[in-house]
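Q: Let me begin by handing over the structure; questions about it come next.
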Amino acid sequence: MAKTYRSTLKVRGYELDSFGHVNHAVYVSYMEHARWEMLAAEGITLKKFQEWKRFPVIAELEAKYLRPTYIDDTLEVQSKVIENTKTSFIIQQTIYKGDVPVLLGKVRVVTVDETGRPAAMPSGIDLLWTQPEEGSGD
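Under this note's numbering, the first residue of the sequence shown carries the number 70, and numbering increases by one thereafter.
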């Protein structure tokens, strides 16, 4: 089973809409932030992508909004690779307030070369789905 990566953040005032809760588009930024933290946890940086001459591009994004969140709420984004192919992988992302899910998301990331065409993923990025879940005994 692939490892679950966790990122914690606090809702800031400028992320609220006129109804006083987090604007729907902000959750996409939360998901993006968590994906970069997930990569960084395995030593995968933008510089590494440049060396590989491969770049991550979001091809699809799904978000199901379950509950609103508000200023000063502490949220946790849990991210996990659930599927991979030669040129892409899907990350399941769930945002929690405490132990209550507030958003369910999925993102398909495609690796492209310098011309923008889909290209085989570099070796090393597979750490995202080959690292066992902590405490799983795998």
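No residue lacks a Cβ here, since even glycine has one placed at the ideal position from N, Cα and C.
Given the structure is predicted, the values throughout are model-derived calculations rather than measurements.
Who pairs with residue 177 in a beta bridge, going by DSSP?
A: Its beta-bridge partners are 129 and 159.
Q: For residue 79, which residues in the same chain have their Cβ closer than 8 Å to its Cβ, ignoring the five residues on either side in sequence?
A: Excluding residues within five positions, the ones whose Cβ falls inside 8 Å are 141, 142, 143 and 144.
Q: Among 124, 155 and 163, which one has its Cα closest to the Cα of residue 130?
A: If we check each option's Cα against that of residue 130, 163 comes out closest.
Q: Taking residue 113 as the reference, give the member of 202, 203 and 195 with the closest Cα.
A: The shortest Cα separation from residue 113 among 202, 203 and 195 belongs to 195.
Q: Taking the alpha helix (DSSP H) that residue 104 falls in, what are its first and last residues?
A: Where residue 104 is concerned, the enclosing alpha helix (DSSP H) stretches over 93-110.
Q: If we ignore side chains and look at the alpha-carbon of each, how far apart do residue 199 and residue 123 end up?
A: Cα to Cα, the separation comes out at about 20 Å.
Q: Please classify residue 125: is it buried, with 16 or more other beta-carbons within 10 angstroms of its beta-carbon, or exposed?
A: Buried, since its Cβ has 16 or more Cβ neighbours within 10 Å.
Q: So if DSSP puts residue 164 in a beta bridge, which residue, or which two residues, is it bridged to?
A: DSSP lists 146 and 172 as partners of residue 164.
Q: With the cut-off set at 9 Å, would you say residue 178 and residue 187 are in Cβ contact?
A: No, Cβ-Cβ distance for residue 178 and residue 187 is not below 9 Å.
Q: Measuring straight from C-alpha to C-alpha, what distance separates residue 190 and residue 88?
A: Distance between the alpha carbons of residue 190 and residue 88: 42 Å.
Q: Return the residue from the list 82, 118 and 153 that minimises the CA-CA distance to residue 69.
A: The question about residue 69 has no answer here: the residues shown for the chain are numbered 70 through 207.
Q: So, residue 70 versus residue 148, is the Cβ gap smaller than 9 Å?
A: Against a cut-off of 9 Å, the Cβ pair of residue 148 and residue 70 comes out as no contact.
Q: For the beta strand (DSSP E) that contains residue 79, what are its first and last residues?
A: Counting along the chain, the beta strand (DSSP E) containing residue 79 begins and ends at 74-79.
Q: Which whole-angstrom value is the C-beta distance of residue 104 and residue 151, which I expect to be below 8 Å?
A: Going by Cβ atoms, the distance from residue 104 to residue 151 rounds to 13 Å, so no, they are not a contact pair.
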